[in-house]
Amino acid sequence: MTISEALEKRRSIRNFSSKPVSEELLLELARAGRLAPSASNLQAWQFFFLTDPELVKKVDLFSPGLSGHPPVILAICSDMGYAAVHGSPNSERYGCIMDAAMAAENIMLKAADLGLGTCAIKSYNDAVVRKLLKLPENYRIELLISLGYPEGEPRPRRLRPMEEILHFNAWQEEV
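According to the working numbering, numbering within the sequence shown proceeds without interruption in unit steps and concludes at 176.
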């Protein structure tokens with residue numbers, strides 16, 4: 002699959018089959034995330050693949066943004082202690098979330114290439130999910146991604162017209 006094909010195919014999937022996702026495929030996704038650009042090459046990200054059905058169910062309970070009972074939830078976290086020691090003054094505040102977002106997009110595009118569906122989530126109870134994952138104090142959850150084999154057809158894609166979002170050099174009323 003080309004990058005263009007993956008961009009067209011990738012959708013926010015909210016319904017998943019119960020078919021398990023192999024550890025081999027999860028490792029491929031982690032490799033894709035690891036290849037993402039990172040501010041100052043910091044790479045403070047940490048990838049937590051939740052595959053235990055009971056843990057997934059508990060995280061799902063405290064994550065209103067999750068739907069479709071995914072067999073896997075990926076938590077992308079930043080090691081803020083590592084960022085503080087090895088990064089620039091802005092790494093903790095801005096760099097880590099930007100890096101996590103770029104890693105997430107790599108992972109979601111690779112997932113589309115592998116026939117998997119994903120949906121990025123920011124709506125979750127941070128304190129509860131942190132406790133369930135037994136995260137060290139210096140780790141910050143940046144986002145969750147529901148992950149699995151899609152079931153059914155995704156919602157139709159609704160994109161704003163280019164005329165509403167595209168500008169060259171400065172804001173203008175019409176392109």
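In this text, a Cβ means the ideal position worked out from N, Cα and C, and glycines have one as well.
Since we're looking at a predicted model, the values are computed, not measured.
With distance defined between alpha-carbon atoms, name the residue in the options nearest to residue i.
i             : options                          : result
valine 22     : Pro38, Ala84, Leu75 and Ala85    : Leu75
threonine 179 : Ser92, Arg141, Lys111 and Ser124 : In the structure as shown, the chain starts at 2 and stops at 176, and residue 179 therefore has no counterpart that could be examined.
serine 64     : Arg131, Gly116 and Asn107        : Arg131
serine 19     : Leu28, Pro137, Glu143 and Thr52  : Thr52
glycine 82    : Phe169, Arg141 and Gln173        : Arg141
glutamate 164 : Pro157, Gln173 and Arg156        : Gln173
alanine 84    : Asn139, Glu6 and Leu148          : Asn139
glutamate 6   : Ala113, His168 and Glu24         : Ala113
leucine 136   : Asp80, Leu62, Leu8 and Asn42     : Asp80
For residue i, which residues of its own chain have a beta-carbon under 7 Å away from its beta-carbon, when the five flanking residues on both sides are left out?
i                : result
phenylalanine 48 : Ala31, Gly34, Leu75 and Ile77
glycine 66       : Ile122, Lys123, Ser124 and Tyr125
phenylalanine 50 : Leu27, Val73 and Leu75
valine 129       : Phe63
Residues in its own chain within less than 8 Å of residue i by CB, not counting five upstream and five downstream?
i              : result
methionine 109 : Arg11, Thr119, Ala121 and Ile146
serine 92      : Ala40, Ser41, Leu43, Ala45, Ala84 and Ala85
Could you pull the start and end residues of the beta strand (DSSP E) that residue i belongs to?
i              : result
leucine 144    : 140 to 149
alanine 105    : Unbroken run through alanine 105 is the alpha helix (DSSP H), 97 to 114; no beta strand (DSSP E).
leucine 8      : Counting along the chain, leucine 8 falls outside any beta strand (DSSP E), though it belongs to the alpha helix (DSSP H) covering 4 to 10.
isoleucine 122 : 118 to 122
Under 8 Å between the Cβ atoms of residue i and residue j?
i             : j           : result
leucine 133   : lysine 59   : yes
glycine 88    : alanine 45  : yes
glutamate 29  : leucine 115 : yes
valine 73     : leucine 27  : yes
aspartate 100 : leucine 43  : yes
leucine 144   : alanine 105 : yes
leucine 148   : proline 90  : no
Spatial neighbours of residue i within its chain, please: CB distance less than 6 Å, with the 5 preceding and 5 following residues excluded, ordered by chain position.
i             : result
asparagine 16 : Gly69, Glu152 and Gly153
aspartate 61  : Leu67
Between which two residues does the alpha helix (DSSP H) containing residue i stretch?
i             : result
valine 129    : 127 to 134
glycine 34    : 24 to 35
leucine 56    : 54 to 62
alanine 85    : 81 to 87
isoleucine 14 : Segment: none, isoleucine 14 is in no alpha helix (DSSP H) and carries neither H nor E.
Can we say the segment 9 to 21 touches the segment 119 to 127, given the rule of at least three CB pairs closer than 8 Å?
Under the Cβ criterion (8 Å, minimum of three pairs), the segment 9 to 21 counts as touching the segment 119 to 127.
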